[in-house]
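Asker: As you go down the protein sequences, you meet chains G and R in turn.
Counting from 1, position 97 in the first sequence corresponds to residue 97 in my numbering; the numbering is continuous, with no gaps.
Counting from 1, position 62 in the second sequence corresponds to residue 1062 in my numbering; the numbering is continuous, with no gaps.
Even for Gly, the Cβ is constructed at its ideal location relative to N, Cα and C.
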Amino acid sequence: MDFAFLSSTMVTLIRAVPTTLVLFSLSILCGGILALGITALRVSGNPVLSGFAKAYIFVFRGSPLLIQMFLVFYGLGQFGVIRYSFLWPFLREPIVCAVLSLALCTAGYTAEIFRGGIRAVPAKEIEAARSVGMSGFLLVRRIIAPIAFRHALPAYSTEIVLMMKSTALASLVTVWEVTGVAQRLISQTYRTMEVFLCAALIYLVLNFIILQAMNLLEYSLSRHRRPFAPGLRA
Amino acid sequence: MPGVTRLSVRNLRKSFGTHEVLKGISMDAQDGDVISVLGASGSGKSTFLRCINLLETPSGGEVWVDGKQIRMLNGRGGSRPASRAQVDHIRSELGMVFQGFNLWSHMTILQNVIEGPLHVLKRPKAECIAVAEELLAKVGIADKRHAYPAHLSGGQQQRAAIARALAMKPKVMLFDEPTSALDPELVGEVLRVMRALAEEGMTMLVVTHEMSFARNVSNRVVFMRDGIVDSSGAPEDMFGAGASPAFRQFIGHFGNPQ
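1) Thinking C-beta only, is Val1063/R closer than 8 Å to Asp1031/R?
2) With the cut-off set at 8 Å, would you say Thr192/G and Tyr156/G are in Cβ contact?
3) Quick one: does Val48/G have its CB under 8 Å from some CB of chain R?
4) Please identify the residue among Val17/G, Thr9/G and Ser8/G whose C-alpha is closest to the C-alpha of Val178/G.
5) Restricting to Cα atoms, I'd like to know which of Thr106/G, Asp2/G and Ile14/G is closest to Ala239/G.
6) Just to make sure I have the definition right: I need the residues of chain G whose C-beta is within less than 7 Å of the C-beta of Met1096/R. Which are they?
7) Are the C-beta atoms of Lys54/G and some chain R residue less than 8 Å apart?
8) By Cβ distance below 8 Å, which residues in the same chain neighbour Leu1182/R in space, the five residues on each side in sequence not counted?
9) Along the alpha helix (DSSP H) that carries Glu177/G, what are the first and last residues, could you check?
10) Work out the CA separation of Trp1104/R and Val1187/R for me, nearest whole Å.
11) Apart from the five residues just before and just after Gln1258/R, which ones in its own chain have a Cβ nearer than 6 Å to its Cβ?
12) Does DSSP put Phe247/G in a helix, in a strand, or in coil?
13) Against Val1120/R, what residues of chain G qualify as contacts under a CB-to-CB distance less than 8 Å, listed in chain order?
14) Which complete alpha helix (DSSP H) runs does the stretch 1084-1131 of chain R hold, if anything under 4 residues is left out?
15) Under a three-way DSSP split, which group does Leu92/G fall into?
16) What are the residues that DSSP puts in a beta bridge with Lys1014/R?
17) Determine which residues share a DSSP beta bridge with Gln1030/R and list them.
18) Are the C-beta of Met1202/R and some C-beta of chain G separated by less than 8 Å?
19) Taking only beta-carbon atoms, is Ala234/G less than 8 Å away from chain R?
20) Would you report the Cα separation of Lys1014/R and Glu1020/R, rounded to the nearest angstrom?
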């Protein structure tokens, strides 16, 4: 084992972790917000709006994320409207393309996860809320969303972990995140095994932290499913 | 204020598809009335109650709550409320207690009780909590205020649900078979709470199978059959010589209540 090489590789790769985290957090944030919109359309009851949401979900779940990313990265510039718009200075940046395609894709999956959560909200609890005079956004904010989110959380944490791993695809559109830097190191040293093992270890550690955080969140939101402990105040 | 009409229902109709469940029900509740609505399952009594606060949309007829009519529009697709804001307001004035309790499972008992006053009536939080604790003490579950609904027995959950409805300071309380989902030994604790409410002068409309409640607590009994009011009157008349043949046959199934 060449510890000197491993540690220098590790240091190089860790320098790329901030880029990976930026890709990850921006795409989860933007994708989550977009997913809320898509979910709202999907459950709106309006056939046109829910049809649009269904089509969106089908397209982004049904085609490879890598192809979506290539289409955004290589394809958008071909449209004059975009190329000469005020957005072009942003859209020509590889990291913006990567975040955009990651967010668009995760929004499709997340919208379905959220919809599943909403379907699991007991109709009786919604009825009870209506009976005290709640409706519209108040009903969603106070009753439907909190219950739906609790139901959606296990599936959503899986989606978040998948997204962390999907950030590796950004290396193929020239974003220097962990996997991209690893490949550059390999092309310089030809030591595939050590470098990729180091990269895999970094993803494992990142995902371990994320999963622990999600477990903690799930635990703190499921007090109502655990035995009653009179000493513990809500 | 005795003599004030709290609730008035005129010729209420409800159809599900071609099936007419309510065929024109009229009923008035004065302040302090406790009306028991009896009837076999399928007679439309729960639908009647749910039409009053528009959890079901009536197909026709009028509902007046505390002198205000719920405005309805009659369009191609049938009847619908004219104003969602008015429906929300009317619902906030009618306390509803469900057969299945329907507490919000992710909230503690205290959070369940303050939810409506805090977010619908927009009362200050300290006031909501004070009122809630008083109500929880009144229904006998003050010690459970930080427990979640799943931690409570059915009887305790139903008492919490009654406290939740009372926290809105409703003009009328609607009970939809409040003891039907309970184990027999838990029925008594809920009925005691309801009896105490009746004695305080709360206006109540109670769909029930509890003959002893109908006979001893309510001041009026309404017997529904096939979507109409078969007969109604004071309990001593209804359970006495004045009973209609259909009602006599109906209570025959329950044995003789004391």
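Answerer: This is what the structure gives:
1) no
2) no
3) no
4) Val17/G
5) The question about residue 239/G has no answer, for chain G in this structure spans 1 to 234.
6) Ser131
7) no
8) Only residues of its own chain outside the window of five on either side were considered, and among them Gly1154, Gly1155, Gln1158 and Val1190 have a CB closer than 8 Å to the CB of Leu1182/R, listed in chain order.
9) First-last for Glu177/G: undefined, no H or E at that position.
10) 22 Å
11) Because the pLDDT of Gln1258/R is 47, which lies under 50, any placement of that residue in the model is unreliable, and the question is left without a value.
12) Because chain G in this structure spans residues 1 to 234, residue 247/G falls outside the shown range and cannot be described.
13) Val132, Gly133, Met134 and Leu138
14) 1084-1093 and 1109-1119
15) The sequence shown places Arg at residue 92/G, rather than the Leu named in the question. Correct three-state label for Arg92/G: coil.
16) Leu1022/R
17) Thr1005/R
18) no
19) Below a pLDDT of 50, predicted positions are generally treated as unreliable, and Ala234/G, at 46, falls in that range; the measurement from the model is reported next regardless. Yes, its Cβ sits closer than 8 Å to a Cβ of chain R.
20) Rounded to whole angstroms, Lys1014/R to Glu1020/R spans 6 Å at the Cα level.
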